[in-house]
Every structure is written in structure tokens, then in C-alpha cells.
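Everything below concerns the one structure shown next.
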Amino acid sequence: MPTTLISSSYTDAGIQGNDANYVIARSTSTTIDDVAADTFVGQVLTLGLYLVQRALLEFDTSIISDAATVDSVILHVKIEQKSTEGGEFAVGIRKFDWASPVDEANREANYDGALAATLDQVLGNTGDYLDGEWMVSPALDPTWVNLTGMTRYALVSAQDANNFPPTDPESVLIWCGRAVDPADAPYLEIAYTVPDGGGPDGPSPRKRRRRRGRCFIAPKARHV
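When the letters of the sequence shown are read in order and numbered with the working numbering, they come out as residues 482 to 705.
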């Protein structure tokens, strides 16, 4: 069974709501972060302001053959730094085909949609990880993988999802598809089968190594 590792895209984004009223911060976006090498997930209370942070990730899964059957999907996300003085929290993976790239026209729809989207799995609890460690999800819904385009997810704090306002920082900074070191970018680990034993794009199985936002062929390598 071939396995491919697909890194997230340069168009990953973070969207934040910011207001002195938690209800407004949670329901109304204020800023986009689509240029930094990292992005936040969580909630913060600082200087009387509530900050609600949601992350959007996308992966070019069209490199897998259209004829393939996806058998398993696992998401890997690397923590850059935790700020959890207010408490540790669970990070949820939500199936959300968000509008990409994020801009001012679609910012609010993407922010609201991330919260409203269906929960796939819990990526993990921040209390189980240290800075610099990888959060590794349980198996995700294989039917969500888009074999003809981009597969997209939102990462949302369980505290945000459950409408629990923070009293101190409950936030985690993660590397995104623009990570300084490409090896730090989030990635999907996808196992699949193709009729007649074919590889990712045809009848010749070849190992694919991870690269930012896409994969490239490594000749004479075997499948994972």
C-alpha cells in the first residue's frame, strides 16, 4: 500500500477576532495572517481584549491518482511555541473547504465557517506536547481527501468551539506551509490503493518525498 506525504501550502492562513467583548471577538474577524511562517490556534485575553485565533491549512492532494482509494489519512502539525498560562486545550481538526486564498472579501466567511465546520478528529491536547514536538492526529475521514484538487482543514481550539472565554493565554503557535524550514510544515500522511497496483499517477509506483505545498518524485526509491 503506497503512502504519500503532502506538505501544506503557502496559502495557509490564520484569522483572528479581536474585541473587548468575547462574543464579538468570537463571531467577528478582524485580521488575516497569510504571510508569516507560522500561525496561531487558540484564545488569549490580554490588556482587556479577547483574541480568538483559527488556522486554515490546505494540501494539494491532486498528486494522487484519481483512480486511487484513500485508505487512511493522518495530519502532522509541529508546535513552534505554546502559551498556555490559562490552561492546556484540545485542538480540533475541522473539515472545511475554505475559500483560498484568504482575503478581505472572504475573511469573515472563512472565520465563521471554520467554527461551524464538522469536527473530524482532535489533533491532540497541548498538555501532551512540548515546544518543537509534532502533534499527530488519529486517523481522519478518508472520504474528505480531494483527489482532483486541494484538501482543506481548519484548526480550532475546543475552548473556542465550546464558547469558553479565556482568562489568560490558551494559544499554540504552529508552523504552517511557509515554515522557514520546509521540513517543519504541516503534512498529511496518506495511504491509498490504486487498481492494478499502480502508483500515485500511473502504473509505476515511486516514492514521493515531501516538499512545500506539493510533492516531487524521488527516482529509484521505494514506497513507505
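Backbone N, C-alpha and C define an ideal beta-carbon position, used for all residues, glycine too.
query: Extent of the continuous alpha helix (DSSP H) to which TYR531 belongs; result: No alpha helix (DSSP H) holds TYR531; the beta strand (DSSP E) holding it covers 530-541.
query: LEU654, buried or exposed, once every other Cβ within 10 Å from all chains shown has been counted against 16; result: buried
query: Span of the beta strand (DSSP E) around ASN499; result: 494-500
query: DSSP state of TRP625 mapped onto helix, strand, coil; result: helix
query: Alpha carbon of PRO663 to alpha carbon of ILE544, nearest angstrom; result: 18 Å
query: 8 Å Cβ cutoff met for ILE560 and ALA620; result: no
query: Within the segment 543-631, ranges of the alpha helix (DSSP H) (whole runs, at least 4 residues); result: 588-597
query: Unbroken alpha helix (DSSP H) run spanning ASP515, endpoints; result: First-last for ASP515: undefined, no H or E at that position.
query: Same chain only: Cβ atoms within 8 Å of ARG692, ignoring 5 sequence neighbours per side; result: In this prediction, ARG692 has a pLDDT of 41, which is less than 50 and means its spatial position is unreliable; nothing more can be read from the coordinates.
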